[in-house]
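**Q** Numbering (our numbering), first residue to last: 135 to 285.
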Amino acid sequence: MKRVIPVLVLSVAGLIPVWRYEPSIGTTTSTTTTTEAVSTPTPTATSSSPSSSSSGSSSTPSTSSKKVVQGTAINTDKGTVQVRVTFEGDKISSVSMLQQPDHPQTTAAVPVLIEETLKAQSSKIDTVSGATITSDAYVQSLQAAIDAKGA
Numbered sequence: 135m136k137r138v139i140p141v142l143v144l145s146v147a148g149l150i151p152v153w154r155y156e157p158s159i160g161t162t163t164s165t166t167t168t169t170e171a172v173s174t175p176t177p178t179a180t181s182s183s184p185s186s187s188s189s190g191s192s193s194t195p196s197t198s199s200k201k202v203v204q205g206t207a208i209n210t211d212k213g214t215v216q217v218r219v220t221f222e223g224d225k226i227s228s229v230s231m232l233q234q235p236d237h238p239q240t241t242a243a244v245p246v247l248i249e250e251t252l253k254a255q256s257s258k259i260d261t262v263s264g265a266t267i268t269s270d271a272y273v274q275s276l277q278a279a280i281d282a283k284g285a
């Protein structure tokens with residue numbers, strides 16, 4: 135009888151993580167409509183020149199312009215991944231996710247991937263452990279955006 139209580143307590147404690155587990159169902163979150171992003175598989179680029187200012191001591195060179203480029207939408211087992219990259223001159227100034235899988239590992243990985251991209255200023259970054267599929271798709275979409283910027 136002394137063993138029954140610890141066995142029951144440990145059995146319940148071992149089953150709690152199983153009950154709380156939420157499997158990925160392949161849904162995606164998107165800031166743009168899915169039909170628009172999927173129907174345009176080629177990267178697109180838009181550029182905007184900065185507003186002209188009469189300040190002579192501007193720290194930004196007058197030849198630099200902002201260019202916003204969307205990477206290709208990459209379909210994965212977890213969902214679609216697509217990035218938008220903003221360039222200021224030849225430098226990557228910001229990266230945002232247009233589409234990403236609705237998955238806890240992806241949600242945790244995205245800030246790390248963006249930070250690494252801004253440090254490296256290229257698509258040559260490490261994948262995030264636990265989000266390898268999303269990381270690989272992020273790198274592919276990022277490289278497509280970088281290639282489209284040069285074109």
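Every residue gets a Cβ at the ideal spot worked out from N, C-alpha and C, and that includes glycine.
(1) So, using beta-carbon positions, are Val-229 and Val-217 closer together than 7 Å?
(2) Assuming contact is defined by CB atoms lying nearer than 7 Å, are Ile-267 and Lys-212 in contact in what I supplied?
(3) What's the gap between the Cα of Pro-140 and the Cα of Ser-275?
(4) Is it buried or exposed for Ser-208, if we count other Cβ within 10 angstroms and need 16 for buried?
(5) Ends of the beta strand (DSSP E) at Val-262?
(6) Excluding five sequence neighbours on each side, which residues of the same chain lie with their C-beta closer than 7 Å to the C-beta of Ile-226?
(7) For Val-215, count neighbouring Cβ atoms within 10 angstroms of its own Cβ and tell me buried if that reaches 16, exposed if not.
(8) Could you give the DSSP three-state label for Ala-283: helix, strand or coil?
(9) Can you check the region 187-253 for any beta strand (DSSP E) of at least 3 residues that lies completely inside it and give the ranges in chain order?
(10) Which of helix, strand or coil does DSSP assign to Ser-257?
**A** The short version:
(1) Numbered from 1 along the sequence shown, position 95 holds the residue referred to as residue 229. Numbered from 1 along the sequence shown, position 83 holds the residue referred to as residue 217. Yes, they are a contact pair.
(2) Sequence index remark: in the sequence shown, residue 267 carries index 133 (1-based). Sequence index remark: in the sequence shown, residue 212 carries index 78 (1-based). Against a cut-off of 7 Å, the Cβ pair of Lys-212 and Ile-267 comes out as a contact.
(3) Position 6 of the sequence shown, counted from the first residue, corresponds to residue 140. Position 141 of the sequence shown, counted from the first residue, corresponds to residue 275. So the two alpha carbons sit approximately 52 Å from each other.
(4) For this step, residue 208 is matched to residue 74 along the sequence shown. A small fix is needed here, since residue 208 is Ile in this sequence, not Ser. Buried.
(5) Locating residue 262 in the sequence shown gives position 128, where the first residue counts as 1. Note, Val-262: premise wrong, no beta strand (DSSP E); not H, not E.
(6) Locating residue 226 in the sequence shown gives position 92, where the first residue counts as 1. The answer, listed in chain order, is Val-219, Thr-251, Leu-252 and Gln-255.
(7) The residue you call residue 215 lines up with position 81 of the sequence shown. Result: buried.
(8) Position 149 of the sequence shown holds residue 283. The sequence shown places Lys at residue 283, not Ala. Three-state DSSP puts Lys-283 in a helix.
(9) 200-204, 214-222 and 225-235
(10) Numbered from 1 along the sequence shown, position 123 holds the residue referred to as residue 257. In this structure, Ser-257 counts as coil in the three-state DSSP scheme.
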